[in-house]
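Colleague: Got a structure for you, written out below as structure tokens; questions coming shortly.
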Amino acid sequence: MKNLIKTGTKILEFENWILYLHPNQCYLGRTYLWAKRHDAVDFVDMNSEEWKEFRKITPHIKQIIQKLFSPDMFNYASLGNIAPHLHVHIIPRYKNIHYFEGLAFNDKRWGKNYSPYNRKFSIPLKVHNTIAQLIEENIHDIF
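Adding 24 to a residue's 1-based position in the sequence shown gives its number in the working numbering.
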């Protein structure tokens, strides 16, 4: 189970993408979409089918995270520095401290680039799984 937390927890598979909950939840509800095509590396390498599906599912993911956690805004990133494969981070941002399951989530970089962030931030596995489950349940209501 710890390996899941290091690489992300799979929430749902689409035709061209897999949605994961990011292992570090210092930004509550942070997810990423991972392209299923093995030779996809860069954001601009996205083919028309991937782009069409990306544009279809991303607004729904944003809507679900908004409904569940009420972030003040979102950042999106496709860097590929650590994982040189096409993937896009969906990063909720919070102006004020946000509480979930009795834990405080403090976006200390509000108004700035999301990175660098506290890479040592961790939450109990049970809370991590609850976040993933809530997103999954709400996605199934849409798809």
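Beta carbons are placed, not taken as given, at the ideal position from N, Cα and C, and that holds for glycine.
Hey, is the stretch 63–71 in contact with the stretch 84–91, meaning 3+ C-beta pairs nearer than 8 angstroms?
Modeller: Touching, no.
Colleague: Is residue 80 helix, strand or coil by DSSP?
Modeller: Residue mapping note: residue 80 aligns to position 56 of the sequence shown, counting from 1. The answer is helix: DSSP assigns residue 80 an H, G or I state.
Colleague: Excluding five sequence neighbours on each side, which residues of the same chain lie with their C-beta closer than 6 angstroms to the C-beta of residue 95?
Modeller: Taking the sequence shown and counting its residues from 1, the one referred to as residue 95 is at position 71. Excluding positions up to five away in sequence, the list reads 116, 117, 118.
Colleague: Rounded to whole angstroms, what is the Cα-Cα separation between residue 61 and residue 40?
Modeller: Indexing the sequence shown from 1 puts residue 61 at position 37. Indexing the sequence shown from 1 puts residue 40 at position 16. C-alpha separation (whole angstroms): 7 angstroms.
Colleague: Under a three-way DSSP split, which group does residue 152 fall into?
Modeller: Looking up residue 152 in the sequence shown gives position 128. Note: residue 152 maps to helix in three-state DSSP.
Colleague: In the DSSP output, which residue or residues are listed as bridge partners for residue 112?
Modeller: Taking the first residue of the sequence shown as 1, we reach residue 112 at position 88. Looking at the DSSP assignment, residue 112 forms a beta bridge with 57.
Colleague: How long is the line joining the alpha carbons of residue 161 and residue 155, rounded to whole angstroms?
Modeller: Within the sequence shown, residue 161 is the residue found at index 137, counting from 1. Within the sequence shown, residue 155 is the residue found at index 131, counting from 1. Straight-line Cα distance between these residues: approximately 10 angstroms.
Colleague: Give the DSSP bridge partners of residue 33, in chain order.
Modeller: Residue mapping note: residue 33 aligns to position 9 of the sequence shown, counting from 1. In the DSSP output, where bridge partners are listed per residue, residue 33 has 45.
Colleague: With H, G and I counted as helix, E and B as strand and the rest as coil, what does DSSP make of residue 164?
Modeller: Working through the sequence shown from its first residue, we reach residue 164 at position 140. Residue state, collapsed to three classes: helix.
Colleague: In terms of residues, what are the limits of the beta strand (DSSP E) holding residue 118?
Modeller: The residue given as residue 118 occupies position 94 in the sequence shown. Note, residue 118: premise wrong, no beta strand (DSSP E); not H, not E.
Colleague: Among 102, 51, 133, which one has its Cα closest to the Cα of residue 93?
Modeller: By 1-based counting over the sequence shown, the position of residue 93 is 69. Per the Cα distances, 51.
Colleague: Would you kindly work out how many angstroms separate the C-alpha atoms of residue 34 and residue 143, rounded to a whole number?
Modeller: As a working mapping, residue 34 is identified with position 10 in the sequence shown. As a working mapping, residue 143 is identified with position 119 in the sequence shown. Spanning the two alpha carbons is a distance of roughly 20 angstroms.
Colleague: Might you give, ordered along the chain, the residues of its own chain that have their beta carbon closer than 7 angstroms to the beta carbon of residue 77, omitting 5 neighbours on each side?
Modeller: In the sequence shown, the residue the question calls residue 77 occupies position 53. If we look at residue 77 and ignore the five residues flanking it on each side, its Cβ neighbours are 38, 39, 40, 41.
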